[in-house]
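Numbering (this note's numbering), first residue to last: 55 to 139.
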């Protein structure tokens, strides 16, 4: 009798773990979407204007380096400066 009870307990623990997996995937997806770049700049001047809108001075941000980073992967650019179009 004790053996049967242990088997049920293990099965219910395993089922609980399986049910938790979709929640973990949803949380991971939300975090990933948070960093997706939804902005787009066609020119370096537009990118520079977006930096100026944030109130950051050009001596604090290396515009050339940021522009090169953005150009290297426009879809994957992590908008850490919170720039807007």
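We put the beta carbon where it would ideally sit given N, CA and C, even for glycine.
Inter-residue spacing [alpha-carbon to alpha-carbon] between residue i and residue j
{"i": "residue 104", "j": "residue 95", "result": "9 Å"}
{"i": "residue 125", "j": "residue 109", "result": "22 Å"}
{"i": "residue 117", "j": "residue 100", "result": "11 Å"}
{"i": "residue 123", "j": "residue 133", "result": "11 Å"}
{"i": "residue 127", "j": "residue 68", "result": "41 Å"}
{"i": "residue 131", "j": "residue 62", "result": "49 Å"}
{"i": "residue 65", "j": "residue 119", "result": "55 Å"}
For residue j and residue i, believed in contact at Cβ under 8 Å, the rounded distance
{"i": "residue 98", "j": "residue 121", "result": "5 Å"}
Residues near residue i in its chain [Cβ-Cβ closer than 7 Å; skip 5 each side]
{"i": "residue 102", "result": "117"}
Spatial neighbours of residue i in its chain, beta-carbon cut-off 6 Å, leaving aside the 5 residues before and after
{"i": "residue 115", "result": "105"}
Own chain partners of residue i with C-beta closer than 8 Å, once the 5 adjacent residues on each side are dropped
{"i": "residue 107", "result": "137 and 138"}
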